[in-house]
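In the numbering used here, the protein residues as written are 4 to 233.
Presented below is the structure to which this report refers.
Structure, rendered in C-alpha coordinates:
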(Lines of atoms letter the chains of each structure in order from A and count residues from 1; the text may use other names and numbers.)
(Lines give C-alpha, C1' and ligand atoms only; values in the text may rest on other atoms or scores of the structure.)
Protein backbone atom coordinates (compact mmCIF):
# COMPACT_ATOMS: atom_id res chain seq x y z
CA UNK A 1 0.00 0.00 0.00
CA UNK A 2 1.03 3.63 -0.43
CA UNK A 3 2.70 4.90 2.73
CA UNK A 4 0.98 7.45 4.96
CA UNK A 5 4.36 9.13 5.34
CA UNK A 6 6.75 10.62 2.79
CA UNK A 7 7.23 8.67 -0.45
CA UNK A 8 9.66 8.87 -3.33
CA UNK A 9 8.41 9.16 -6.90
CA UNK A 10 10.24 7.53 -9.80
CA UNK A 11 9.18 8.71 -13.27
CA UNK A 12 10.23 6.50 -16.17
CA UNK A 13 11.50 7.55 -19.54
CA UNK A 14 8.93 7.74 -22.34
CA UNK A 15 9.23 9.51 -25.66
CA UNK A 16 7.68 12.97 -25.19
CA UNK A 17 5.41 11.46 -22.51
CA UNK A 18 4.60 14.87 -21.06
CA UNK A 19 0.85 14.34 -20.80
CA UNK A 20 1.26 10.91 -19.18
CA UNK A 21 3.52 12.25 -16.43
CA UNK A 22 1.30 15.29 -15.90
CA UNK A 23 -1.75 13.08 -15.47
CA UNK A 24 0.11 10.87 -13.00
CA UNK A 25 1.29 13.84 -10.95
CA UNK A 26 -2.22 15.29 -10.92
CA UNK A 27 -3.43 12.01 -9.40
CA UNK A 28 -0.58 12.17 -6.86
CA UNK A 29 -1.63 15.67 -5.83
CA UNK A 30 -5.29 14.70 -5.60
CA UNK A 31 -4.39 11.66 -3.48
CA UNK A 32 -2.56 13.96 -1.08
CA UNK A 33 0.69 11.98 -1.17
CA UNK A 34 3.57 13.48 0.79
CA UNK A 35 6.40 13.43 -1.74
CA UNK A 36 9.86 13.75 -0.28
CA UNK A 37 12.04 13.06 -3.30
CA UNK A 38 11.78 12.55 -7.05
CA UNK A 39 13.81 10.57 -9.58
CA UNK A 40 13.23 10.83 -13.32
CA UNK A 41 14.67 9.78 -16.64
CA UNK A 42 14.25 11.59 -19.97
CA UNK A 43 10.71 13.08 -20.06
CA UNK A 44 10.36 11.88 -16.46
CA UNK A 45 13.38 13.93 -15.43
CA UNK A 46 12.04 17.00 -17.24
CA UNK A 47 8.53 16.87 -15.76
CA UNK A 48 9.80 15.70 -12.38
CA UNK A 49 12.36 18.48 -12.00
CA UNK A 50 9.92 21.22 -12.94
CA UNK A 51 7.27 19.88 -10.58
CA UNK A 52 9.71 19.23 -7.72
CA UNK A 53 10.96 22.81 -8.06
CA UNK A 54 7.43 24.04 -7.29
CA UNK A 55 6.12 24.81 -10.77
CA UNK A 56 2.33 24.22 -10.94
CA UNK A 57 1.16 21.43 -13.22
CA UNK A 58 -0.92 23.79 -15.36
CA UNK A 59 2.16 25.94 -15.95
CA UNK A 60 4.24 22.89 -16.85
CA UNK A 61 1.56 21.81 -19.30
CA UNK A 62 1.50 25.22 -20.94
CA UNK A 63 5.27 25.36 -21.13
CA UNK A 64 5.73 21.94 -22.71
CA UNK A 65 2.61 21.36 -24.79
CA UNK A 66 1.49 24.72 -26.16
CA UNK A 67 3.80 24.36 -29.17
CA UNK A 68 5.38 21.36 -30.91
CA UNK A 69 8.79 20.25 -29.63
CA UNK A 70 10.15 20.76 -33.16
CA UNK A 71 10.26 24.50 -32.35
CA UNK A 72 13.19 23.77 -30.03
CA UNK A 73 15.18 21.68 -32.51
CA UNK A 74 18.50 23.13 -33.59
CA UNK A 75 20.55 21.41 -36.26
CA UNK A 76 24.04 20.23 -35.45
CA UNK A 77 26.72 20.30 -38.14
CA UNK A 78 28.68 17.55 -36.37
CA UNK A 79 25.96 15.05 -37.12
CA UNK A 80 28.14 12.12 -36.05
CA UNK A 81 27.61 13.37 -32.48
CA UNK A 82 23.87 13.87 -32.92
CA UNK A 83 21.46 15.35 -35.42
CA UNK A 84 20.39 18.19 -33.13
CA UNK A 85 21.76 20.32 -30.32
CA UNK A 86 19.92 20.75 -27.02
CA UNK A 87 21.08 24.35 -26.63
CA UNK A 88 17.69 26.07 -27.04
CA UNK A 89 15.95 23.75 -24.62
CA UNK A 90 18.83 24.06 -22.14
CA UNK A 91 18.65 27.86 -22.26
CA UNK A 92 14.96 27.67 -21.38
CA UNK A 93 15.59 25.15 -18.59
CA UNK A 94 18.09 27.56 -17.06
CA UNK A 95 15.28 30.11 -16.87
CA UNK A 96 12.79 27.67 -15.33
CA UNK A 97 14.87 25.60 -12.93
CA UNK A 98 17.13 26.40 -9.98
CA UNK A 99 20.81 26.24 -10.95
CA UNK A 100 21.69 23.28 -8.72
CA UNK A 101 20.15 20.08 -7.36
CA UNK A 102 20.85 21.37 -3.88
CA UNK A 103 18.45 24.29 -4.46
CA UNK A 104 15.44 21.95 -4.72
CA UNK A 105 13.24 21.33 -1.65
CA UNK A 106 14.25 17.65 -1.54
CA UNK A 107 16.49 15.06 -3.20
CA UNK A 108 16.25 14.66 -6.96
CA UNK A 109 17.86 12.21 -9.38
CA UNK A 110 18.27 12.40 -13.16
CA UNK A 111 18.99 9.19 -15.04
CA UNK A 112 21.67 9.55 -17.73
CA UNK A 113 23.98 7.51 -19.90
CA UNK A 114 27.64 8.22 -19.25
CA UNK A 115 30.51 8.49 -21.76
CA UNK A 116 31.21 4.79 -21.18
CA UNK A 117 27.70 3.88 -22.32
CA UNK A 118 26.60 2.84 -18.84
CA UNK A 119 23.76 4.15 -16.72
CA UNK A 120 24.48 6.82 -14.14
CA UNK A 121 22.30 8.77 -11.74
CA UNK A 122 23.06 12.44 -11.18
CA UNK A 123 21.95 13.72 -7.78
CA UNK A 124 24.05 16.86 -7.23
CA UNK A 125 25.60 19.70 -9.15
CA UNK A 126 24.22 21.54 -12.17
CA UNK A 127 20.48 20.85 -12.44
CA UNK A 128 19.32 22.30 -15.81
CA UNK A 129 22.25 20.66 -17.58
CA UNK A 130 21.54 17.30 -15.93
CA UNK A 131 17.89 17.40 -16.94
CA UNK A 132 18.81 18.36 -20.51
CA UNK A 133 21.33 15.51 -20.68
CA UNK A 134 18.71 13.06 -19.41
CA UNK A 135 16.51 14.05 -22.37
CA UNK A 136 19.26 13.99 -25.02
CA UNK A 137 18.46 10.81 -26.93
CA UNK A 138 21.54 9.22 -28.50
CA UNK A 139 21.87 9.75 -32.27
CA UNK A 140 19.04 12.32 -32.21
CA UNK A 141 20.79 14.78 -29.87
CA UNK A 142 24.42 15.56 -29.16
CA UNK A 143 25.55 14.87 -25.59
CA UNK A 144 25.09 17.61 -23.00
CA UNK A 145 27.99 18.58 -20.76
CA UNK A 146 27.27 18.46 -17.03
CA UNK A 147 30.04 19.71 -14.77
CA UNK A 148 32.71 18.73 -17.27
CA UNK A 149 31.29 15.34 -18.34
CA UNK A 150 29.14 14.67 -21.41
CA UNK A 151 25.97 12.67 -20.80
CA UNK A 152 22.92 11.54 -22.78
CA UNK A 153 19.46 10.09 -22.21
CA UNK A 154 19.60 7.43 -19.50
CA UNK A 155 16.51 5.75 -20.90
CA UNK A 156 18.71 4.21 -23.58
CA UNK A 157 20.18 1.89 -20.91
CA UNK A 158 17.79 1.99 -17.94
CA UNK A 159 14.28 3.46 -18.14
CA UNK A 160 13.78 3.70 -14.38
CA UNK A 161 17.16 3.84 -12.67
CA UNK A 162 15.49 2.26 -9.63
CA UNK A 163 18.56 0.32 -8.47
CA UNK A 164 20.81 3.37 -8.33
CA UNK A 165 18.02 5.45 -6.81
CA UNK A 166 17.56 2.92 -3.99
CA UNK A 167 21.31 2.81 -3.45
CA UNK A 168 21.15 6.60 -3.05
CA UNK A 169 17.95 6.81 -0.99
CA UNK A 170 17.81 3.54 0.91
CA UNK A 171 14.60 1.79 1.93
CA UNK A 172 12.04 4.54 1.30
CA UNK A 173 8.43 3.81 0.21
CA UNK A 174 8.37 4.39 -3.53
CA UNK A 175 5.74 4.97 -6.20
CA UNK A 176 6.82 4.35 -9.80
CA UNK A 177 5.16 5.85 -12.85
CA UNK A 178 6.05 3.51 -15.69
CA UNK A 179 5.11 4.72 -19.17
CA UNK A 180 4.94 1.89 -21.72
CA UNK A 181 7.97 1.62 -23.97
CA UNK A 182 7.58 3.27 -27.38
CA UNK A 183 9.04 0.30 -29.24
CA UNK A 184 10.43 -3.12 -28.41
CA UNK A 185 10.05 -5.44 -25.46
CA UNK A 186 10.18 -3.93 -21.99
CA UNK A 187 13.20 -5.00 -19.95
CA UNK A 188 12.56 -7.06 -16.83
CA UNK A 189 13.14 -4.85 -13.80
CA UNK A 190 12.90 -5.85 -10.16
CA UNK A 191 10.95 -3.14 -8.32
CA UNK A 192 10.48 -4.91 -4.98
CA UNK A 193 7.62 -3.56 -2.91
CA UNK A 194 7.27 -0.31 -4.86
CA UNK A 195 3.80 0.70 -6.00
CA UNK A 196 3.76 0.70 -9.81
CA UNK A 197 1.41 2.86 -11.87
CA UNK A 198 1.55 1.97 -15.56
CA UNK A 199 0.21 4.11 -18.40
CA UNK A 200 0.28 3.70 -22.21
CA UNK A 201 2.95 5.24 -24.40
CA UNK A 202 2.31 8.77 -25.59
CA UNK A 203 2.35 8.22 -29.37
CA UNK A 204 3.69 11.78 -29.68
CA UNK A 205 6.34 13.02 -32.08
CA UNK A 206 8.40 16.18 -32.47
CA UNK A 207 5.78 17.80 -34.72
CA UNK A 208 2.56 16.69 -33.02
CA UNK A 209 2.01 15.78 -29.36
CA UNK A 210 -1.42 14.37 -30.16
CA UNK A 211 -4.43 14.64 -27.88
CA UNK A 212 -2.68 16.08 -24.85
CA UNK A 213 -5.88 16.59 -22.83
CA UNK A 214 -7.08 13.06 -23.57
CA UNK A 215 -3.71 11.49 -22.75
CA UNK A 216 -3.50 13.46 -19.52
CA UNK A 217 -6.97 12.49 -18.36
CA UNK A 218 -6.42 8.83 -19.23
CA UNK A 219 -3.18 8.80 -17.22
CA UNK A 220 -4.88 10.61 -14.34
CA UNK A 221 -7.71 8.05 -14.27
CA UNK A 222 -5.37 5.03 -14.44
CA UNK A 223 -3.11 6.54 -11.79
CA UNK A 224 -6.00 7.34 -9.48
CA UNK A 225 -7.24 3.75 -9.75
CA UNK A 226 -3.81 2.27 -9.14
CA UNK A 227 -3.03 4.50 -6.17
CA UNK A 228 -6.44 3.84 -4.67
CA UNK A 229 -5.98 0.09 -4.99
CA UNK A 230 -2.43 0.09 -3.56
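In this text, a Cβ means the ideal position worked out from N, Cα and C, and glycines have one as well.
Computed from a prediction, not measured in an experiment: that's the story for all the values here.
- Restricting attention to 9, 208, 23, the CA atom closest to the CA of residue 226 is found in 23.
- Of the candidates 21, 216, 12, the residue whose Cα lies closest to the Cα of residue 49 is 21.
- Shown here for residue 45: same chain residues with a beta carbon closer than 6 angstroms to its own, the five before and five after excluded, namely 16, 137, 138, 156, 158 in chain order.
- For residue 51, the three-state secondary structure derived from DSSP is helix.
- In the three-state scheme derived from DSSP, where H, G and I count as helix and E and B as strand, residue 129 is classed as strand.
- When C-beta atoms of the segment 174 to 185 are compared with those of the segment 138 to 151, fewer than three pairs fall below 8 angstroms, so the two segments do not count as touching.
- A distance of 7 angstroms or more separates the beta carbons of residue 163 and residue 199.
- Secondary structure note for residue 168: its alpha helix (DSSP H) is the uninterrupted segment 165 to 172.
- Across the structure, residue 59 and residue 96 are spaced so that their CA atoms are roughly 15 angstroms apart.
- Residue 145 carries a coil assignment under DSSP once its states are collapsed to helix, strand and coil.
- Taking the Cα of residue 93 as reference, the smallest distance to any Cα among 232, 64, 134 is reached at 134.
- In the DSSP secondary-structure assignment, residue 232 is not bridged to any residue.
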